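A.B. asks:
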Amino acid sequence: MFPPEGEAMARYAVLLRGINLGRSRRVGMADLRALLVEEGYEGVATLLQSGNVVLESDMSPATLRKALEGTLQERFGMPIEVILRSRDELAAVVRRNPLGNVADDGSRYVVAFLASPATGDDPLAGVDAGDERYVISGSEMYLWLPAGQQNSPLMKALGKIKNGPSATVRNWNTVEKLLAMLDRPGA
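Going by our numbering, the letters in the sequence shown line up with residues 26 to 212, in that order.
Given below as structure tokens:
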């Protein structure tokens with residue numbers, strides 16, 4: 026998996042969707058790291074138990090996503106959707122930070138990473154969100170959930186969206202940690 030001469034490998038945040046929620050769809054992070062190293066990826070590191078991986082690849086994002094999904098399906102025996110962000114894309118997510126002026130707790134400020142940019146009507150329009158706030162920006166939805174995710178009207182509505190792109194959610198603390206990992210060589 027070496028890039029053509031003169032081209033650097035790109036660093037990616039790999040976000041696995043829908044794993045390690047409750048007792049089903051379990052994927053151990055040590056097993057995941059070992060699998061990705063075995064497959065030839067470099068700079069492999071994981072964060073937490075919710076399917077956050079940093080790695081280097083010379084593949085295009087679309088090819089990398091398909092390769093990872095195929096490898097995960099084969100090893101873990103279940104489909105696992107992958108959403109990718111390059112180092113620069115994740116840095117732009119952090120720079121944008123459209124709710125930074127109101128979000129004062131990184132565990133209650135979340136980003137929904139969409140598989141593709143949101144198009145059409147606002148899928149959260151009409152939700153009685155109370156004190157919650159959200160901003161849709163390209164392939165991300167930023168959500169400020171001052172009372173947390175568990176009983177959040179916005180999170181419930183997000184989970185019921187049928188016709189939009191799939192999404193996986195990470196809190197702001199995790200997003201910042203992933204960016205820091207992407208900025209560390211060999212991490």
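Built from N, CA and C at the ideal position, the CB exists for glycine as well. Treat the numbers as computed from the prediction; the structure is a model and nothing was measured.
1) Which residues in the same chain have their Cβ closer than 6 Å to the Cβ of Pro-190, if we skip the five residues on either side of it in sequence?
2) For Thr-71, I'd like the list of residues in its chain whose CB is within less than 7 Å of its CB, leaving aside the five on either flank, ordered along the chain.
3) Below 8 Å on the Cβ atoms is my contact criterion, and I expect Leu-40 with Ile-108 to pass it. Report the Cβ-Cβ distance as a whole number of Å.
4) In three-state DSSP terms, what is Gly-173?
5) Flag this pair as yes or no: are the beta carbons of Arg-121 and Tyr-37 separated by less than 9 Å?
6) Judging by CA-CA distance, which residue of Lys-91, Arg-112, Glu-67 and Ala-116 is the nearest neighbour of Ile-105?
7) With distance defined between alpha-carbon atoms, name the residue in Leu-170, Asp-153 and Gly-102 nearest to Arg-50.
8) What's the call for Ala-87, buried or exposed, on a 16-neighbour Cβ count within 10 Å?
9) Looking at the unbroken beta strand (DSSP E) that takes in Leu-41, where does it start and where does it end?
10) Could you please give me the residues that DSSP links to Tyr-134 through a beta bridge?
11) Taking all protein chains shown into account, do 16 or more other C-beta atoms lie within 10 angstroms of the C-beta of Thr-144, making it buried, or fewer, making it exposed?
12) Mind checking Ser-177: buried by the 16 CB within 10 Å criterion, or exposed?
13) Alpha carbon to alpha carbon, how far is Ala-205 from Val-62? Give it in angstroms, no decimals.
14) Could you check what DSSP says for Ala-70 in three-state terms: helix, strand or coil?
15) Please identify the residue among Gly-95, Leu-115 and Met-166 whose C-alpha is closest to the C-alpha of Lys-202.
16) Between the C-alpha atoms of Trp-197 and Glu-94, what's the straight-line distance to the nearest angstrom?
17) Among the residues of its own chain, which have a CB less than 6 Å from the CB of Leu-89, if the five just before and after it don't count?
18) Work out the CA separation of Arg-112 and Leu-183 for me, nearest whole Å.
C.D. replies: The short version:
1) Leu-139, Ala-140 and Ser-141
2) Met-54, Leu-57, Arg-58, Asn-77 and Val-78
3) 5 Å
4) coil
5) no
6) Lys-91
7) Gly-102
8) exposed
9) 35-41
10) Trp-169
11) exposed
12) buried
13) 21 Å
14) strand
15) Leu-115
16) 25 Å
17) Ser-82
18) 26 Å
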